[in-house]
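Chemist: Taking full-length UniProt numbering, I'd label the letters of the sequence shown as residues 1 to 246.
Here you go, one structure.
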Amino acid sequence: MALVPYEEGAGWGARQLHSPSASYRFAGRTIRLQQDWRRLGVAAVVWDAAVVLCAYLEIGGIDLRDRSVIELGAGTGLLGIVATLLGKGFFFFKKKQFTTVTSIICLRHTLFHLGARVTITDRAAALEFLESNVQANLPSELRPRAVVKELTWGKDLGNFPPGAFDFVLGADIVYLEETFAELLQTLEHLCSEQTVILLSCRIRYERDHKFLKMLRGRFSVYEVYYDSSKDVHIYKAQRGSHKDDF
């Protein structure tokens, strides 16, 4: 969600957008988010595309445990927060035998944690707001699993290892035509052959179709879900000709 203010009072759901907070229920928890339309515009309110993608991740049973996930244009942080909660892993102990100096055989327990590692990104001006929502909505044991980090598409890529993510998530980030080339560059940098991109969006304008055409020029793209009540599409994209299940 880029920092682009819409016109005051324009568009759908103005009352909801201008509310100072919004609450949702995902992963067995109530998520309470602060919103700040006046200061940050569209970057600081929750859009339907984020809610639909959160529900898709939860209901679709997509396993995020022990996966590396990055969200682009996170805005309020709802999607990244839900990914962290859904990726909550479990602890297990691995036993190892070793011999002491007195030849007594002992067992050493090594602790492992299988949880998602989630990087939640946006432009610099939104980070403080984003960080506050993330910290307020994750239990203490999960906070180390979610990192808020600056990412301006096409400009901060050296701070992110290429092809290091299992999932790239984006909700309603496709609407400014002048950002399309940088967004594609960013996706290409972040993705390996195995990376799954999930983008949720409304198709509002002809330029949205243009982006999908550009995306299909570099990835295999499939529509995997459509919410008719909110008019939100979810697209899955991967390098090559993948059409695998998650």
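We treat Cβ as the ideally placed atom computed from N, Cα and C, and that holds for glycine.
(1) Quickly, what does DSSP pair residue 237 with across the bridge? List them, please.
(2) Residue 49 and residue 171 look like a contact to me (Cβ under 8 Å); what is the Cβ gap, rounded to whole Å?
(3) Mapping the DSSP letters down to three states, classify residue 149 as helix, strand or coil.
(4) For residue 195, I'd like the list of residues in its chain whose CB is within less than 8 Å of its CB, leaving aside the five on either flank, ordered along the chain.
(5) Following the continuous alpha helix (DSSP H) through residue 141, name the residue where it begins and the one where it ends.
(6) Please classify residue 229 as buried or exposed, where buried requires at least 16 other C-beta atoms within 10 Å of its C-beta.
(7) Here's the rule I'm using: 16 or more other beta-carbon atoms within 10 Å means buried, otherwise exposed. How should residue 209 be labelled?
(8) Look at residue 130 and residue 147 and say whether their C-beta atoms are less than 7 Å apart.
(9) May I have the straight-line CA-CA distance separating residue 155 from residue 188, to the nearest angstrom?
(10) Let's test the definition: count the other Cβ atoms within 10 Å of the Cβ of residue 124 and tell me whether it reaches 16, buried, or not, exposed.
(11) Hey, could you find the ends of the beta strand (DSSP E) residue 34 is sitting in?
(12) Please return the same chain residues whose Cβ sits closer than 6 Å to the Cβ of residue 185, not counting the five positions on each side in sequence.
(13) Measure how close the beta-carbons of residue 158 and residue 120 come, nearest whole angstrom, since I'm counting them as under 8 Å.
(14) Per DSSP, what are the beta-bridge partners of residue 202 in this structure?
(15) Could you tell me the distance, in whole angstroms, from the CA atom of residue 182 to the CA atom of residue 23?
(16) Just how far apart, CA to CA, sit residue 211 and residue 139?
(17) With 16 other CB atoms within 10 Å as the buried threshold, where does residue 213 fall?
(18) Would you report the Cα separation of residue 72 and residue 30, rounded to the nearest angstrom?
(19) Could you pull out every residue in the same chain whose Cβ sits closer than 8 Å to the Cβ of residue 221, ignoring the five residues on either side in sequence?
(20) Looking at the secondary structure, which residues open and close the beta strand (DSSP E) in which residue 117 lies?
(21) What does DSSP give as the partner residues of residue 70 in its beta bridges?
(22) Can you have a look at residue 200 and say buried or exposed, based on whether 16 or more other CB atoms are within 10 angstroms of its CB?
(23) Determine, using beta carbons only, whether residue 74 and residue 36 come nearer to each other than 7 Å.
(24) So what does residue 25 bridge to, in DSSP terms?
(25) Short check: CB of residue 64 to CB of residue 33, under 7 Å?
Modeler: Reading off the structure:
(1) If you number the sequence shown from 1, residue 237 lands on position 237. Residue 237 pairs with 197 and 221.
(2) The residue given as residue 49 occupies position 49 in the sequence shown. The residue given as residue 171 occupies position 171 in the sequence shown. Going by Cβ atoms, the distance from residue 49 to residue 171 rounds to 4 Å, so yes, they are a contact pair.
(3) In the sequence shown, residue 149 corresponds to position 149, counting from 1. It is a strand residue.
(4) Taking the sequence shown and counting its residues from 1, the one referred to as residue 195 is at position 195. If you ignore the 5 residues before and after residue 195, its C-beta comes within less than 8 Å of the C-beta of 163, 165, 166, 167, 168, 238 and 239, all in its own chain and listed in chain order.
(5) Here residue 141 is taken as the residue at index 141 of the sequence shown, counted from 1. Residue 141 -> no alpha helix (DSSP H), and no H or E assigned at all.
(6) Translated into the one-based positions of the sequence shown, residue 229 becomes position 229. Exposed.
(7) Here residue 209 is taken as the residue at index 209 of the sequence shown, counted from 1. The residue in question, residue 209, is exposed, as its Cβ has fewer than 16 Cβ neighbours within 10 Å.
(8) As a working mapping, residue 130 is identified with position 130 in the sequence shown. As a working mapping, residue 147 is identified with position 147 in the sequence shown. The beta carbons of residue 130 and residue 147 sit no closer together than 7 Å.
(9) Taking the first residue of the sequence shown as position 1, residue 155 is located at position 155. Taking the first residue of the sequence shown as position 1, residue 188 is located at position 188. Taking the straight line from one Cα to the other gives about 13 Å.
(10) Here residue 124 refers to the residue found at position 124 of the sequence shown. With fewer than 16 other Cβ atoms within 10 Å, it is exposed.
(11) The residue given as residue 34 occupies position 34 in the sequence shown. Element bounds for residue 34: 29-34.
(12) For this step, residue 185 is matched to residue 185 along the sequence shown. For residue 185, where only same-chain residues beyond five positions count, the Cβ hits under 6 Å are 154.
(13) Numbered from 1 along the sequence shown, position 158 holds the residue referred to as residue 158. Numbered from 1 along the sequence shown, position 120 holds the residue referred to as residue 120. Not confirmed; about 19 Å, so no contact.
(14) Taking the first residue of the sequence shown as position 1, residue 202 is located at position 202. Looking at the DSSP output, residue 202 bridges to nothing.
(15) One-based indexing of the sequence shown puts residue 182 at position 182. One-based indexing of the sequence shown puts residue 23 at position 23. Each residue's Cα considered, the two are about 32 Å apart.
(16) Translated into positions along the sequence shown, residue 211 becomes position 211. Translated into positions along the sequence shown, residue 139 becomes position 139. Residue 211 and residue 139 have their C-alpha atoms some 37 Å from each other.
(17) The count along the sequence shown starts at 1 and reaches residue 213 at position 213. Exposed, since its Cβ has fewer than 16 Cβ neighbours within 10 Å.
(18) Position 72 of the sequence shown, counted from the start, is the residue given in the question as residue 72. Position 30 of the sequence shown, counted from the start, is the residue given in the question as residue 30. Taking the straight line from one Cα to the other gives about 23 Å.
(19) Here residue 221 refers to the residue found at position 221 when the sequence shown is read from its first residue. Hits under 8 Å: 212, 215, 235, 236 and 237.
(20) Position 117 of the sequence shown, counting from 1, holds the residue named residue 117. DSSP places residue 117 inside the beta strand (DSSP E), whose first and last residues are 117-122.
(21) Indexing the sequence shown from 1 puts residue 70 at position 70. Paired residue(s): 119 and 168.
(22) Here the question's residue 200 lines up with position 200 in the sequence shown. That one is buried.
(23) As a position in the sequence shown, residue 74 is number 74, starting the count at 1. As a position in the sequence shown, residue 36 is number 36, starting the count at 1. For residue 74 and residue 36, no; Cβs fall outside 7 Å.
(24) For the purposes of this step, residue 25 is taken as the residue at position 25 of the sequence shown. According to DSSP, residue 25 bridges with 30.
(25) Numbered from its first residue, the sequence shown carries residue 64 at position 64. Numbered from its first residue, the sequence shown carries residue 33 at position 33. Cβ atoms of residue 64 and residue 33: not closer than 7 Å.
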